[in-house]
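605 is the number of the first residue of the sequence shown in this note's numbering; add one for each residue after it.
Glycine residues also receive a C-beta, built at the ideal position from the N, C-alpha and C atoms.
In this text, all values refer to a predicted model and were calculated from it rather than measured experimentally.
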Amino acid sequence: MITIAILGMGARGYTYAQAIGELEDVKVTHVCEVNPIKKEFVKQMFKIEENNYYMSDDEFLSKGKLADILIISTMDQWHYKHAMKALDLGYDILLEKPIASTEKQCQEIADKAKKLNRKVVICHVLRYTPFYNKLKEIVDSNLIGKVRSITQTENIGYYHYAHSYVRGNWHRGDITSPLVVAKSCHDFDIIKWLIGSNCTTVSSFGSLEYFKKENAPLGSAKNCYQCKIDCAYNALDFYKKNPRWFMIFSLDPDVEKVLSNPEHPYGRCVYQCDNNVPDNQVVNMLFANNAVAQLNITAFSNEIHRNIKIHGTKGEIEGDLEAMIITVKVFGGKIETFDVRNIASDFSGHSGGDKRMIKDLINSVKNKNDKVTLTDIDEALESHKMAFKAEESRLSGGQPKTI
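In structure tokens form, the structure reads like this:
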């Protein structure tokens, strides 16, 4: 029996606990969650004993090693503290992305893991999705020849952006981590993985232009429950239609009751928050093998999805993660379309990536594999360096930064 402790039972911790519950010979035995509202729900949902439930991270980490694996799914700014202490205690770790809030902290966690010979897996779940696995298989088959360029767009979704990056936990990059790190470090990971070479230089442009006070509609209020304006970002309308998003921060299902509190962050007008992360950003990349890539990150999309185009010397590939469709066009040859839904059956949790990542980690610990998984911390470090340098470039007006 592999035992698992979870530090931080937010949306990601809860998702991983659910995935673990479907596996044999694995059990979540300990939980640390500081939000008192969640305690009884989490205890009942995952059958956690009272003396194994902690509401203080310091108390939890003072008890020594309580399980074989620790899942750290706290906020970005706490990853460094929690990971460094957990490594000292002897845990193997599944660490939610990003690794930490600064490049220096990321490197220090990796160095300590290596020194203590501990496994640290980063939640770059996209590598585990059937969609990106099929893309990797096609690229590695040489069907389109040598990859010369990749363009990937991360369509955050207007409502997801408002929820997480205007009203929510990641609305200030100076407190958690920059948008390009918090949201897109695994996009860099995918691009690097597909190109098969290290990135040497990045440049980036982007800004916060729309979700600002000067763009608030005339006559709008500071809180949605007081506002008479018909708006796509009305919090009450959105959370009533999408209770799953509402339950991320509230166990009380009464949307109007919760958001009528003028101090509640998720009821605020999106034009009158204290957010500071870009709503649109582009990153240009040069790799050691002279391939190039571009990542577009935008708040302004109707759906949450990623699309990608890969140009090779013998052909090209187009793919849409949401549609699960990959189209391969070989120059002077056939056009072939792959429906990824015919390749796999389970696409829950990050397009099927969450459960596969958990299984890979569990198997690695069970079998005592020296090589961790697809997304060990040494592999993930490169993509984080790309993301941090991209933010440096953006803040310097797009000046190229060497990695």
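Same chain, Cβ closer than 6 Å to residue i, five either side skipped, listed in chain order
i      : result
Phe792 : Ser987, Met990, Ala991
Leu670 : Ala609, His634
Asp629 : Met605
Pro782 : Glu995
Leu899 : Gln756, Asp791, Val887
Contacting residues, own chain, Cβ-Cβ under 7 Å from residue i (five flanking each side not counted)
i      : result
Ile703 : His683, Cys710, Ile713, Ile726, Ile981, Ala984, His988
Val646 : Met613, Val635, Glu637, Ile652
Glu926 : Glu907, His909
Asn773 : Met679, Thr780
Integer-rounded CB distance, given that residue j should sit under 8 Å from residue i
i      : j      : result
Ile921 : Val932 : 5 Å
Ile794 : Tyr732 : Actually they are not in contact, since the Cβ atoms of Ile794 and Tyr732 sit about 11 Å apart, beyond 8 Å.
Residue span of the alpha helix (DSSP H) that contains residue i, given as start and end
i      : result
Cys710 : 707-720
Ile795 : 789-799
Thr619 : 615-625
Asp692 : 683-693
His988 : 981-999
Beta-carbon proximity check, residue i vs residue j, cutoff 8 Å
i      : j       : result
Tyr870 : Ala820  : no
Cys877 : Val770  : yes
Pro882 : Gly810  : yes
Leu611 : Leu691  : no
Ala615 : Ser753  : no
Lys738 : Ile962  : no
Lys701 : Leu855  : no
Ala895 : Val751  : yes
Ser768 : Gly1002 : no
Straight-line gap, residue i to residue j (C-alpha atoms, nearest Å)
i      : j      : result
Asp662 : Met679 : 15 Å
Glu813 : Asn884 : 8 Å
Asp778 : Ala766 : 18 Å
Asn880 : Tyr829 : 24 Å
Gln622 : Val632 : 10 Å
Gly923 : Asn888 : 20 Å
Leu699 : Gly823 : 44 Å
Arg553 : Ile939 : Residue 553 lies beyond the residue range present for the chain, which begins at 605 and ends at 1007; the question has no answer from this structure.
Asp964 : Lys796 : 21 Å
Ala786 : His775 : 11 Å
Glu707 : Lys970 : 31 Å
Tyr762 : Ser660 : 35 Å
His915 : His909 : 20 Å
Lys993 : Ser705 : 13 Å
Pro866 : Lys816 : 19 Å
Val944 : Asp715 : 38 Å
Thr902 : Leu890 : 21 Å
Cutoff 8 Å; reference residue i; Cβ partners in own chain excluding five residues on either side
i      : result
Leu840 : Cys828, Tyr829, Val859, Glu860, Leu863, Gly871
Residue span of the beta strand (DSSP E) that contains residue i, given as start and end
i      : result
Gln885 : 884-891
Asn900 : 896-902
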